[in-house]
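Each remark here refers to the structure printed beneath this line.
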Amino acid sequence: MNHFNATDKNQEFIPAADIIAEAEANRPNFGHSPLGFLSRSWGFLPINLPVEALPASHRAWDEAAAQLPALMAGRRVRAVIDDLPLLSGGEDDLDDVYLWRATLVLGYIAHAYGHSAVEPAALPHSLVKPWGEVNRRLGRPHPGITLPDYCYNWSLRDAQGPRSVENMDLMVAWCGNEEERIFLLSTTEMHSRSGPLVDASANLQTAIRQQDIDQAKTELLRLQDYLRAITFTSLLKIDPNPYSETAVDPLIWSKAFANFTAPVIEHERGLVSSGTSVIQLLDALFERHVYKTEIAHETLLQAAWSPTYTKRFLASIRQVSLLDFVNSAGDQELAGIYNTALDAYVGKRGFLGAHRLKVYGFMELGFKVGRTQTNSGFTGPTEARAWEQLDDALEETRRERLANKTPGSLSVKREMVVPATADPNSPIHQVVLNTAGQGLQYIAGDRLGIFPQNSPELIQKTLQALQAQGDEPIRLTSVWREALQVIIHDAPKTVPLKTFLAYAKIRPLIRPVGKALLSLSRSKRLYALLEQRQEDQVELWDAFEMLAAENYDVKRFWKAAPWEAESIARLVPPEHFRVYSISSAPKVAAGDHTPKELHLTVGRLTFKSQPTGEREAMPRQGTASGYLVQGEDPAAPIPVRNFRPSRFNLPDDPERPIVMFAGGTGISPFRGFVQQRAAEANAGPNWLFLGVRTLADVPYQAELKAWVGQGDLKLRVAFSREAQRLTFDRGDFVLTPGSKGYVDHLLDDEADAPTLWRYLQSRQDGGLGGYFYVCGQANFAHTVIEGLKRVIARYLPASTPDNAEAVNHFFRQMVAQGRLMLDVFTTFAPSAAASVHGFTRFDASELINHNSH
Numbered sequence: 000m001n002h003f004n005a006t007d008k009n010q011e012f013i014p015a016a017d018i019i020a021e022a023e024a025n026r027p028n029f030g031h032s033p034l035g036f037l038s039r040s041w042g043f044l045p046i047n048l049p050v051e052a053l054p055a056s057h058r059a060w061d062e063a064a065a066q067l068p069a070l071m072a073g074r075r076v077r078a079v080i081d082d083l084p085l086l087s088g089g090e091d092d093l094d095d096v097y098l099w100r101a102t103l104v105l106g107y108i109a110h111a112y113g114h115s116a117v118e119p120a121a122l123p124h125s126l127v128k129p130w131g132e133v134n135r136r137l138g139r140p141h142p143g144i145t146l147p148d149y150c151y152n153w154s155l156r157d158a159q160g161p162r163s164v165e166n167m168d169l170m171v172a173w174c175g176n177e178e179e180r181i182f183l184l185s186t187t188e189m190h191s192r193s194g195p196l197v198d199a200s201a202n203l204q205t206a207i208r209q210q211d212i213d214q215a216k217t218e219l220l221r222l223q224d225y226l227r228a229i230t231f232t233s234l235l236k237i238d239p240n241p242y243s244e245t246a247v248d249p250l251i252w253s254k255a256f257a258n259f260t261a262p263v264i265e266h267e268r269g270l271v272s273s274g275t276s277v278i279q280l281l282d283a284l285f286e287r288h289v290y291k292t293e294i295a296h297e298t299l300l301q302a303a304w305s306p307t308y309t310k311r312f313l314a315s316i317r318q319v320s321l322l323d324f325v326n327s328a329g330d331q332e333l334a335g336i337y338n339t340a341l342d343a344y345v346g347k348r349g350f351l352g353a354h355r356l357k358v359y360g361f362m363e364l365g366f367k368v369g370r371t372q373t374n375s376g377f378t379g380p381t382e383a384r385a386w387e388q389l390d391d392a393l394e395e396t397r398r399e400r401l402a403n404k405t406p407g408s409l410s411v412k413r414e415m416v417v418p419a420t421a422d423p424n425s426p427i428h429q430v431v432l433n434t435a436g437q438g439l440q441y442i443a444g445d446r447l448g449i450f451p452q453n454s455p456e457l458i459q460k461t462l463q464a465l466q467a468q469g470d471e472p473i474r475l476t477s478v479w480r481e482a483l484q485v486i487i488h489d490a491p492k493t494v495p496l497k498t499f500l501a502y503a504k505i506r507p508l509i510r511p512v513g514k515a516l517l518s519l520s521r522s523k524r525l526y527a528l529l530e531q532r533q534e535d536q537v538e539l540w541d542a543f544e545m546l547a548a549e550n551y552d553v554k555r556f557w558k559a560a561p562w563e564a565e566s567i568a569r570l571v572p573p574e575h576f577r578v579y580s581i582s583s584a585p586k587v588a589a590g591d592h593t594p595k596e597l598h599l600t601v602g603r604l605t606f607k608s609q610p611t612g613e614r615e616a617m618p619r620q621g622t623a624s625g626y627l628v629q630g631e632d633p634a635a636p637i638p639v640r641n642f643r644p645s646r647f648n649l650p651d652d653p654e655r656p657i658v659m660f661a662g663g664t665g666i667s668p669f670r671g672f673v674q675q676r677a678a679e680a681n682a683g684p685n686w687l688f689l690g691v692r693t694l695a696d697v698p699y700q701a702e703l704k705a706w707v708g709q710g711d712l713k714l715r716v717a718f719s720r721e722a723q724r725l726t727f728d729r730g731d732f733v734l735t736p737g738s739k740g741y742v743d744h745l746l747d748d749e750a751d752a753p754t755l756w757r758y759l760q761s762r763q764d765g766g767l768g769g770y771f772y773v774c775g776q777a778n779f780a781h782t783v784i785e786g787l788k789r790v791i792a793r794y795l796p797a798s799t800p801d802n803a804e805a806v807n808h809f810f811r812q813m814v815a816q817g818r819l820m821l822d823v824f825t826t827f828a829p830s831a832a833a834s835v836h837g838f839t840r841f842d843a844s845e846l847i848n849h850n851s852h
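Oh and the sequence shown: position 615 is 614 in numbering that gives the first Met the number 0, straight run, nothing missing.
Here you go:
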């Protein structure tokens, strides 16, 4: 089955809004309709709480289900279930209100029976008959447990609290452990958030039919909010960190629970996440039509088991094309918002990408400890690294969803580039980008991917080295065509050499390209350069000149066809998005949908290369930072994409204190943090510890003064090259005598330590539960962490037997609670850079000798 065929545009059309209205009105027996659950408030979950007990006539099923964990532990499942009385699941004996409870209980009993022993055994008649009757009444083709059943399996700990993993328990369980509870209820939580998804989908359909572009933008932004919530909140609750409140041990999950959801009866389908109602709806909205993989085929089979209202709602959504509307509207902002929403779902960093990474980690361990197949039937031996084959299959299904569409980059323009410090010669710049009308949505803490273009000077040098003019046609590989599709929204088969070099990775010479050129040319000079690992001291044009000096015909690189080894399109990859922390909080004006501008803090990289062979030292610069700071044409469009980190954002509770540690340009995300917190009336304390060389190197001094003066920020600055201390007096910064030092030394201050300790402590332990952020290079982050550990060690009880281990335990708990977040960047540092001197280089062979795995 290659395509989804249930999208007949000629079938009777019923608006999605009408189907929701019917489902919300048809709620007999406390809202538990056999036709399923569909509402604008709770989406695919029931509006009312699940029924927790069957009638007295069917109490035997409840009693058996309640015993399952004990029966599983004592290996007595089959002995007890074989004695179940034959009870009817028919209309005359079991009211509709109990159908969902009945199918859940019977399904769990059946799966416990089927998986409680190695030897397969037919399910007893007393189980199969009523299970089939109940499933028939729910509109299912055969007996079986389905994903909607799992999403009915919950009760609230606090009836007034949220439907979240932390506030829910399973009504029925196989093992009764936390791995089972958290894993299943994370999916339930995703569905508990689906009210806005269902509402937005119906409203979006209405907007399309009415050609209401503004309303369509609003609903697509709501879809983005939903995807952000399930990707970065619900999914992350399946946490392998043993210190987490929602820890799921992959080993226990694999051995004690995972296989229970596999089919136990003919025609039953296994648990597949792509079969969930929310994924089916997202696939319908974004018009997935290719279903070639085995996983995709299983998804279609699962769709046949969906509740009636779900199937009708999805069929309606599929009848109105969102993509056609976006393409015909001619509105760039709408297209940008659509692309961002699509990427938030299907992109490598979107929900499906994050889910794929989660699956890989759990499945790798599962197959290594003896698992031989997934619940959907995917099989493979450990020796064949079956988890990697599964990962490939998931990637293929992700790409199927992109057929005929590619989430392209957005296009912004430079509005202003100015020094961010008082020193006009500082390499740190504030770059303001005009994002108006592009549909770029972001939150404080997000990062922006910039796709840089090489400077005209560098392109010209490379053309001269290639003995070319620039208009020579370059036939592209599929890799290059895919890259250009994202960047320029076109996938040409050929481009002029000058255009090719603008987007190519030509500075510095990267080792794979150097080695490929060496294998073609056998150049002695290039060989010596690579042996000394000095390729980062040269650029691609340098390498071409080395080859030409040894009589290699460099014209062959741009004359070769793309399938030939010498083709420049095969040798040289396209550039990639360079990621920068966003330095501003989003501001959306009344009547607008997305922010009109975005700020970056960019440290421009310049250095002088070391002499290499016969080549003299010469000035070099970074590609992306030079492109942003000193672009040739300020009005030229810049391709960008939003990159959302999984764990670097402000706390949901604005009253929580935040403590930020920044090294130089590491202040970038914190400027946005403080902007947002300063605008919130109930925001908690904001502390910033900043490490710079001198006062002139402090970025955004005017803004920092204003925030400190207004009481929105407490600032501490460490100067590494000045024996000074920064204080604030009468609206201005004042330098007083102090000592040189780094940020970690500020943490030893007697005046601040008690408050920091209260912020470090969790609320459960009597503290304020502050959130701590570190942004800077690796050495900076290390010193900050060591400084924080000293504060913790200082305040731990004197009776602690192993203080060092207690400190590490405290730190691990902070990480697990999401209260310690790091943004450690590895800005390119050539071997000539001062920060690299003194480092030791290890060959890969040496590392292998010390690798015990």
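Every residue gets a Cβ at the ideal spot worked out from N, C-alpha and C, and that includes glycine.
With a CB to CB cut of under 6 angstroms and the five nearest residues on each side skipped, what residues in its chain are close to residue i?
| i | result |
| --- | --- |
| Arg692 | Ser719, Arg720 |
| Asp81 | Pro123 |
| Lys713 | Trp686 |
| Ile847 | none |
| Gln723 | Leu734, Gly737 |
May I ask which residues mark the beginning and end of the alpha helix (DSSP H) holding residue i?
| i | result |
| --- | --- |
| Trp557 | 554-558 |
| His598 | Looking at the DSSP string, His598 is not in any alpha helix (DSSP H); the run it does join, the beta strand (DSSP E), is 596-602. |
How far does the beta strand (DSSP E) with residue i in it extend, from its first residue to its last?
| i | result |
| --- | --- |
| Asn685 | 685-691 |
| Ile657 | 657-662 |
| Lys704 | Element bounds for Lys704: not the beta strand (DSSP E) but the alpha helix (DSSP H), 700-709. |
| Asp731 | 731-736 |
| Val197 | That residue, Val197, is in no beta strand (DSSP E); its alpha helix (DSSP H) goes 193-208. |
| Tyr225 | Careful: Tyr225 lies outside any beta strand (DSSP E), inside the alpha helix (DSSP H) at 212-228. |
Rounding to the nearest angstrom, what Cα-Cα distance links residue i and residue j in this structure?
| i | j | result |
| --- | --- | --- |
| Ser761 | Leu819 | 12 angstroms |
| Val325 | Ala334 | 6 angstroms |
| Asp282 | Gly42 | 16 angstroms |
| Glu530 | Ala547 | 20 angstroms |
| Asp342 | Gly740 | 44 angstroms |
| Ala588 | Ile473 | 45 angstroms |
| Pro668 | Ser583 | 7 angstroms |
| Asn807 | Asp238 | 19 angstroms |
| Phe809 | Trp756 | 12 angstroms |
| Val835 | Gln776 | For Val835, the predicted model reports a pLDDT of 46, less than 50, meaning its position is unreliable; a value from the coordinates is still stated below. Each residue's alpha carbon lies about 12 angstroms from the other. |
| Glu679 | Trp173 | 46 angstroms |
| Glu613 | Arg506 | 19 angstroms |
Quick one: is residue i buried, meaning 16 or more other Cβ sit within 10 Å of its Cβ, or exposed?
| i | result |
| --- | --- |
| Leu53 | buried |
| Glu363 | buried |
| Glu859 | In the structure as shown, the chain starts at 0 and stops at 852, and residue 859 therefore has no counterpart that could be examined. |
| Leu85 | exposed |
| Arg268 | buried |
| Thr799 | exposed |
| Val117 | exposed |
| Val494 | buried |
| Ala616 | exposed |
| Ser154 | exposed |
| Phe12 | exposed |
Note down, in chain order, each residue of its chain lying with its Cβ closer than 7 angstroms to the Cβ of residue i, except the 5 sequence neighbours on either side.
| i | result |
| --- | --- |
| Ala831 | Model confidence at Ala831 stands at a pLDDT of 48, short of 50, so the residue's coordinates are unreliable; what they give is reported in the following sentence. The residues are Gln536, Phe606, Lys607, Ser608, Gln609. |
| Ala63 | Val79, Ile80, Leu83, Ile108 |
| Asp451 | For clarity, residue 451 is Pro in the given sequence; the question names Asp instead. Same-chain partners within the cutoff: Glu574, Arg577, Thr622, Ala623, Tyr626. |
| Glu414 | Val431, Leu432, Asn433, Glu596 |
| Gln466 | Val553, Lys554 |
_Whole alpha helix (DSSP H) elements within the segment 386-451, 4-residue minimum_ = Runs found: none.
_Extract the residue ranges of the beta strand (DSSP E) inside the segment 473-560, only unbroken runs of 3 or more that lie entirely within it._
Within the segment 473-560, the complete beta strand (DSSP E) runs of at least 3 residues are 493-495.
_In chain order, what are the residue ranges of uninterrupted alpha helix (DSSP H) at least 4 long that sit wholly in the segment 797-830?_
DSSP runs (the alpha helix (DSSP H)) wholly in the segment 797-830: 802-815.
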